[in-house]
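Structure record follows, encoded as structure tokens.
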Amino acid sequence: MTKTILSFPINYNVEEIPSGCCGMAGTFGHEQKHQTLAAKLYTMSWQQPVNAAQGAVLATGYSCRSQIALRSDQQPLRPLNYLNRCLEEAQGSRLD
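Written out as structure tokens, the structure reads:
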């Protein structure tokens, strides 16, 4: 459903990637004692698709967005924030 809704704006394509845990798992990856494991988990399933992204990177969870921002040059967005941005661009004005 999310992919369908995000594809509504004309000329926007959404690619959903299969992924496992980003490594954060809530506060788990924020804890010093788990940071090495959190980094390994991110590398296993998220690093390649995030680094290869040609456009915006979206993630629903706060922890996943934090992990992406920490381990890449991407600034991930919430899907609804992305949709709002797309609609604003399409209409040329801010939606409130």
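Counting from 25, one number per residue, gives the positions in the sequence shown under the numbering used here.
Glycine included, every Cβ here is placed at the ideal spot set by N, Cα and C.
To the nearest angstrom, how far is it from the Cα of residue i to the Cα of residue j?
{"i": "leucine 107", "j": "alanine 76", "result": "21 Å"}
{"i": "leucine 122", "j": "glutamate 39", "result": "Because the chain is modelled from 25 through 120, residue 122 falls outside the range shown and cannot be assessed."}
{"i": "cysteine 110", "j": "glutamine 59", "result": "35 Å"}
{"i": "threonine 23", "j": "leucine 104", "result": "Lying outside 25 to 120, the shown extent of the chain, residue 23 is not represented and no answer is given."}
{"i": "glutamine 72", "j": "cysteine 46", "result": "12 Å"}
{"i": "aspartate 97", "j": "valine 74", "result": "9 Å"}
{"i": "tyrosine 36", "j": "glycine 50", "result": "30 Å"}
{"i": "serine 43", "j": "serine 69", "result": "6 Å"}
Quick check on the burial criterion: 16 or more other C-beta atoms within 10 angstroms. Buried or exposed for residue i?
{"i": "isoleucine 41", "result": "exposed"}
{"i": "glutamine 91", "result": "buried"}
{"i": "tyrosine 86", "result": "exposed"}
{"i": "glycine 53", "result": "buried"}
Considering only DSSP beta bridges, list what residue i is partnered with.
{"i": "leucine 101", "result": "Leu82"}
Is DSSP giving residue i helix, strand or coil here?
{"i": "threonine 60", "result": "helix"}
{"i": "isoleucine 41", "result": "coil"}
Out of the options, state which residue places its alpha-carbon closest to the alpha-carbon of residue i.
{"i": "leucine 65", "options": "Met48, Arg102 and Ala80", "result": "Met48"}
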